[in-house]
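Below is one structure, written out as structure tokens, with a few remarks after it.
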Amino acid sequence: MAGNARVIVVCARQADAENIAFSLRRQGLDAIAFGDAKAALAEIRRDPVDMILSEANLTGYSGLAFLAQTRREAPLAQRVLLDNAAMPDETRRMVNEAGPCAVVSGAVESARILELIAIEGPVTHRVGAIFGPAGLETERIESENRNLANQNRLLLKEFAGVQRARAQIQARLTKLEALTGTKTERTGAHSPPAGAGETSDPRIHAISVALDRMIEDPNISLPVVPAVGNKIRNMLTDKHASFDRIAEMIKLESGMSARILHVANSPLYAGLERIRSLPQAMSRLGLRETLNVVQAIVGENLFKTQSPYMARLMLRLWMHSLCCAYANEQIARSLEIPDSDDYFIMGLLHDIGKLLVIHLVERGIAQKTDWAAEGVSEGVVLELMNRRHHDYGRLLMENWNYPSVFADVAMLHDDADSLAGSGEPVIVTYFSNLLSRKLGYSLVPYDGDPLSDHRLAEALNVNQGMRLALEDNIIQLVEKIRETFFPGK
Ligand SMILES: [Fe+2]
Ligand SMILES: [Fe+2]
109 MAGNARVIVV CARQADAENI AFSLRRQGLD AIAFGDAKAA LAEIRRDPVD
159 MILSEANLTG YSGLAFLAQT RREAPLAQRV LLDNAAMPDE TRRMVNEAGP
209 CAVVSGAVES ARILELIAIE GPVTHRVGAI FGPAGLETER IESENRNLAN
259 QNRLLLKEFA GVQRARAQIQ ARLTKLEALT GTKTERTGAH SPPAGAGETS
309 DPRIHAISVA LDRMIEDPNI SLPVVPAVGN KIRNMLTDKH ASFDRIAEMI
359 KLESGMSARI LHVANSPLYA GLERIRSLPQ AMSRLGLRET LNVVQAIVGE
409 NLFKTQSPYM ARLMLRLWMH SLCCAYANEQ IARSLEIPDS DDYFIMGLLH
459 DIGKLLVIHL VERGIAQKTD WAAEGVSEGV VLELMNRRHH DYGRLLMENW
509 NYPSVFADVA MLHDDADSLA GSGEPVIVTY FSNLLSRKLG YSLVPYDGDP
559 LSDHRLAEAL NVNQGMRLAL EDNIIQLVEK IRETFFPGK
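109 is the number of the first residue of the sequence shown in my numbering; add one for each residue after it.
Put into structure tokens, the structure is as follows:
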């Protein structure tokens, strides 16, 4: 809805306005930067605009006086005041006169601007007068636009719920088929992701049923997420978690400080100076990156196995997972996705169902079960993973009491048909997963060129150029991840 909306950005320094306009243009907005209020006014008079962002103090001009002027000349445009300073009474009175639709403190978040524009819809797309008083017809259309936007939001929310319910039914059908050996007729356009339980291979089918029975055993010990992993997730969501508290938690985990120092000095983050202390490392990485690195170190332990037989598969799975985690983080930053603190962990854990398959097969071998007696080849394990890891991943996420979006990512990250109706975490992880596959960091070969599928670009809301730029960034990043976490491999 906000696409092509015209936005004018006015700052005291042209460079600041350019920076903001640049990030808005990357979101698909037609943003123009001005370091001079008069030139901005001339532009507004020349062509209608949807939104005007202005700093409070412009060179030789008050930002509020400028916004008040634009209110008179372009009443339908939304106005946003950019200001960090506390506002005196007189200024507040002037703000009311200027009538901005929002006052923004600190850095300008493109997502917030998109949200503001989405509420009203671009003026340039609306019918009616742009300058001068709005007529009744314009008001009626605006009100309809607002209602439609609200309905759209509600429908999207409902659709996400339906997708989740459908995924759960899908998992139950898969399990039923595995138990009964029958194939259930599915209705609807949804095709199950690779990994559903249908197979004509009787051995795979028999082991699949056996794994299901193992999971149902109340005495089974499923892989557990290390306690520190949960503590970190809580810190990520707690915006008040302090630097010192996190440093304390890191010091309590044996070997963690040394690993963080190693990563902070690695090609991934290295600066000019060699870092020698944890506080220095944390300030180089920043809070979010520090917590991501801690998650990566915790995850590495989760993906370890005592069995040399499975070690090779587990290492490849871990490399793939780490690659997806960093790709998720990079995409979330590049596309400025709000509320993306968990994206790194989602990438790290999206294939956790495969880990559960390895865990169950190892257990079956240790217990000398019938199906394990004749040996379970790597090919068989890979086939079991492909067929079962989506529903096993969802099950594990639910077992760990992670938010439902983690279960959605585990269940749907391979499902091209669900992309259009999936949430951003699923779409971004789908992209990262394919890209890791394309770069050779996957247990599954890259087949055809699914990354260029237009449905993926549409779901991610990026054009071809942006997608290729994302791929380029991540390719360079992956090389550094390899050097940092897997030297010599
Ligand atoms: Fe997968
Ligand atoms: Fe994957």
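Think of the CB as a built atom: it goes at the ideal place given N, C-alpha and C, for glycine as much as any other residue.
Just so it is clear, the structure is predicted and the values come from calculations on it, not from any experiment.
- If you draw a straight line from the Cα of Q122 to the Cα of E163, it comes to about 11 Å.
- Secondary structure remark: continuous alpha helix (DSSP H) runs of at least 4 residues inside the stretch 134–189, in chain order: 145–154, 171–181.
- For P533, same chain residues with a beta-carbon under 6 Å away, outside a window of 5 residues either side, are M454, V513, V517 in chain order.
- Non-local C-beta neighbours of G407 in its own chain, meaning closer than 6 Å and more than five positions away in sequence, comprise L456, ordered along the chain.
- Its chain contains Q438, S442 as the residues whose beta carbon lies nearer than 8 Å to that of N581, once the 5 sequence neighbours on both sides are disregarded; these appear in chain order.
- Secondary structure note for A215: it is in no alpha helix (DSSP H), with a DSSP letter that is neither H nor E.
- DSSP places R114 in the strand class (E or B) of the three-state scheme.
- Relative to ligand 2, H458 has its C-beta within less than 7 Å of a heavy atom.
- Here the alpha carbon of A318 sits roughly 14 Å from the alpha carbon of A474.
- Burial check for L578: the Cβ neighbour count within 10 Å reaches 16 or more, so the residue is buried.
- Excluding sequence positions up to five before and after A139, its CB lies within less than 7 Å of the CB of V115, V117, A129, L132, R133, all in the same chain and listed in chain order.
- With fewer than 16 other beta carbons inside 10 angstroms of its own, K476 counts as exposed.
- Secondary structure remark: continuous alpha helix (DSSP H) runs of at least 4 residues inside the stretch 492–530, in chain order: 512–520.
- Checking the 7 Å criterion, the Cβ of N494 is out of range of every heavy atom belonging to ligand 2.
- Straight-line measurement puts the Cα of G394 at about 38 Å from the Cα of V157.
- For the pair M493 and S316, the Cα-to-Cα distance works out to about 10 Å.
- Between F411 and S429, the C-beta spacing is below 8 Å.
- Boundaries of the alpha helix (DSSP H) harbouring L456: 451–457, taken from the DSSP string.
- In this structure, DSSP gives L369 a helical state, which the three-state scheme calls helix.
- Per DSSP, the unbroken alpha helix (DSSP H) holding E397 starts and ends at 395–410.
- Between D522 and N541, the C-beta gap is smaller than 8 Å, which places the two residues in contact.
- If you check the CB distance, G472 and Y500 do not come in under 8 Å.
- DSSP places C209 outside both helix and strand once states are collapsed to three, so it counts as coil.
- Less than 8 Å separates the beta-carbon of L421 from that of I466.
- Runs of beta strand (DSSP E) with 3 or more residues, each lying fully within the stretch 531–583, are absent.
- Within 7 Å of the C-beta of C432 there is at least one heavy atom belonging to ligand 2.
- Straight across, the Cα-Cα distance linking D459 with R424 is about 12 Å.
- The Cβ-Cβ distance between I340 and L386 does not fall below 8 Å.
- With distances taken between CA atoms, E151 lies nearest to T178 out of E587, P511, T178, Y169.
- The continuous alpha helix (DSSP H) containing E356 extends over residues 351–360.
- Taking 8 Å as the cut-off, the beta carbon of A419 is found closer than this to the beta carbon of T413.
- Here N436 is buried, its C-beta having at least 16 other C-beta atoms within 10 Å.
- A Cβ-Cβ distance of about 5 Å is found for the pair W508 and V333, placing them in contact under the 8 Å criterion.
- When distances are taken from the beta-carbon of D522 to the heavy atoms of ligand 1, the shortest one is below 7 Å.
- In the three-state reduction of the DSSP assignment, S415 falls in the coil class, being assigned neither a helical nor a strand state.
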